[in-house]
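One structure is given below, encoded as structure tokens.
2 protein chains.
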Amino acid sequence: MYMATENPMRIPEPTLRRLPSYHHLLTVLAGDGVQSVSCSVIGRALNLDATQVRKDIAITGIEGKPKVGYDIYDLMGSIENFLGWNNPKQAFLVGVGNLGQAILGYQQFNRYGMDIVAAFDGDPGKIGKDFYGREVLPLDKLANLARRMHVLIGIIAVPKEVAQLVADQMVAGGIQAIWNFAPVGLDVAPGVIVQNEDLFASLAVLSNRLATATAQSS
Amino acid sequence: MYMATENPMRIPEPTLRRLPSYHHLLTVLAGDGVQSVSCSVIGRALNLDATQVRKDIAITGIEGKPKVGYDIYDLMGSIENFLGWNNPKQAFLVGVGNLGQAILGYQQFNRYGMDIVAAFDGDPGKIGKDFYGREVLPLDKLANLARRMHVLIGIIAVPKEVAQLVADQMVAGGIQAIWNFAPVGLDVAPGVIVQNEDLFASLAVLSNRLATATAQSS
DNA sequence: AGTCTTTAGAGAATTTTATATCGAGAAAAC
DNA sequence: GTTTTCTCGATATAAAATTCTCTAAAGACT
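Just so you know, the protein sequences line up as chains A and B, in that order. The numbering of the first sequence is my numbering, which starts it at 6 and goes up by one. The numbering of the second sequence is my numbering, which starts it at 6 and goes up by one.
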């Protein structure tokens, strides 16, 4: 088996997206007192092919036992370890409007690999206020702070009009990955990773699935 | 050419996710006074292969002219038409916390195929209040109203503890597609479409991209 | 007019991702 | 103790998505 931690092999994105859902299912099962779990069980619960589940799990480097499956805690640990949930990366969030607050309060992201260590906003009225334990700082302090604290992840939750401005600040501060919730494309220096959380894209998929489903039933 | 509107052909999901970004780019270009646009230009702007852009666009049914490309307004219209942005589907939103409010105010979804016609919440303190022009209704009216109004889309923006409950109400009301922002899997009747907006999955992808990028540069 | 460059469009080739098959091992049933 | 059943893990096949290649058409340039 190929140990995931010691090589730079490319992980299929679909696999990366599925792993958290496995983990989530496992926490539920573990809460029910389940001790071990098989790929077939996971597949059935999540409507996935068992072979696919097995391949995804194999990537995390764990070995299972025939007839039994995987020890549920070992498997959870393996996924956590593989996804880097053990040592969260620091992140800055910009924009504490509704969306920003939702992200801050969404769940303990720090248990899922990311620690939002500071929040920023351009609105003077919000500076100094406290949201979910983070004091809001003025945007113009972002670049300096990011550089001093070696923060690598920036989350953009501002209106699209100012998103590029915020992105520029982030890049100036040495941030290497931007999680962009604003519905605009960002122009950043080469090497900086931008991941767009595009609701319109999701909506397009949903609409299409609904349309084809209703078309078939009529 | 295969006219998209008159057949139930399966559209690749990646294509569906890319089309909105093309449209967005086109609005920007149109604002700059651009008259026609080629796949190469789009590809360069969005970091995509030109051939891929061309194939995506071809699915919407438009024809371009060699050397020129596509008329920018025709192309926008073609995408809008293909994605059904011309006749939005009605939707109910449940949960007007931070996330729900963010969705309500996110942008005019009704220009992108979905019209959020009502908002619901289980919290009596929120009932009757107005958010972005929608009065909040009590959750127990959802099923009846959905059935009466033939609403087919439900948006879940509640804490994960109550998400299943809300989903049940939606299914009871005849809703056929659920856009789930709660970080839980939902158990619904067969035939009901569930689209999970899984932030942890996105985060896993982002983390991995960052990790492999930093690993390579070190 | 003739040449050159750019581009759409169609199809082939490649890559990626998903599914199916098979053998071996481990527990449970008999 | 033997058989049955279930599951992992590896390999093979299939499907999906992306990229490449080629041709013809449209404009630009000489």
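Where is the CB? At the ideal position from N, CA and C, for every residue including glycine. In this text the structure is predicted, and so the values were computed from the model without any measurement.
Please classify residue i as buried or exposed, where buried requires at least 16 neighbouring CB atoms within 10 angstroms.
| i | result |
| --- | --- |
| A/S222 | exposed |
| A/P242 | With chain A represented from 6 up to 223, any question about residue 242 of chain A goes unanswered, as that position is not in the structure. |
| A/P25 | buried |
| B/A220 | exposed |
| B/N52 | exposed |
| B/M14 | exposed |
| A/E202 | buried |
| A/G133 | exposed |
| B/A23 | The identity of residue 23 of chain B in the sequence shown is Arg, whereas the question assumes Ala. Buried is the call here. |
| A/N12 | Unreliable placement is indicated for A/N12, whose pLDDT of 44 sits below 50; no coordinate value is reported for it. |
| A/G105 | buried |
| B/V73 | exposed |
Residues in its own chain within less than 8 Å of residue i by CB, not counting five upstream and five downstream?
| i | result |
| --- | --- |
| A/T10 | Residue placement at A/T10 is poorly supported in this model, since its pLDDT is 36, which falls under 50; the coordinates are not used for a value here. |
| B/D120 | P93, K94, Q95, A96 and F114 |
To the nearest angstrom, how far is it from the Cα of residue i to the Cα of residue j?
| i | j | result |
| --- | --- | --- |
| B/L31 | A/Q200 | 20 Å |
| A/A187 | B/P195 | 34 Å |
| A/H28 | B/F114 | 32 Å |
| B/P164 | A/L142 | 28 Å |
| B/Y75 | B/L21 | 19 Å |
| B/A209 | B/G110 | 27 Å |
| A/N149 | A/D192 | 21 Å |
| B/V156 | A/L211 | 14 Å |
| A/L80 | A/V58 | 12 Å |
| B/L144 | B/Q174 | 8 Å |
| B/D61 | B/V42 | 15 Å |
| A/G100 | B/L204 | 17 Å |
| B/L34 | B/A206 | 32 Å |
| A/G178 | A/G190 | 20 Å |
| A/I198 | B/N213 | 11 Å |
| A/Q169 | A/I180 | 14 Å |
| A/L98 | B/K131 | 28 Å |
| B/A162 | A/I160 | 20 Å |
| A/P17 | B/V171 | 33 Å |
| A/G69 | B/R116 | 50 Å |
| A/W184 | B/F136 | 27 Å |
| B/G102 | B/P71 | 51 Å |
| B/P129 | B/E140 | 13 Å |
| B/A151 | A/R152 | 51 Å |
| A/V176 | A/Q112 | 27 Å |
Got a sec? Which residues, its chain only, sit under 7 Å from residue i by beta carbon, not counting five neighbours each side?
| i | result |
| --- | --- |
| B/G118 | L88, G89, W90, P93 and K94 |
| B/S83 | T65, G66 and I67 |
| B/A50 | L30 |
| A/V39 | I77 |
| B/V167 | G127 |
| A/D54 | G48 |
| B/L215 | none |
In chain order, what residues of the same chain have a beta carbon less than 6 Å from the beta carbon of residue i, not counting five sequence neighbours either side?
| i | result |
| --- | --- |
| A/I158 | K94, A96 and A182 |
| B/G138 | none |
| B/V122 | Q95 |
| A/F125 | V99, L142, L144 and L147 |
| A/C44 | A55, V58 and R59 |
Inset, instruction - Could you name each continuous alpha helix (DSSP H) segment of 4 residues or more that falls completely within the stretch 124-160 of chain B, going from the start of the chain to the end? - result: Here the runs fully enclosed are 147-154.
Inset, instruction - Note down, one range per segment and in chain order, each alpha helix (DSSP H) of at least 4 residues found wholly within the stretch 162-190 of chain A. - result: Taking only runs of at least 4 residues, the alpha helix (DSSP H) segments lying wholly in the stretch 162-190 of chain A are 165-177.
Legend entry - 4 or more residues per run - each alpha helix (DSSP H) lying fully within the stretch 33-118 of chain B: Runs found: 44-51, 55-64, 77-88 and 103-111.
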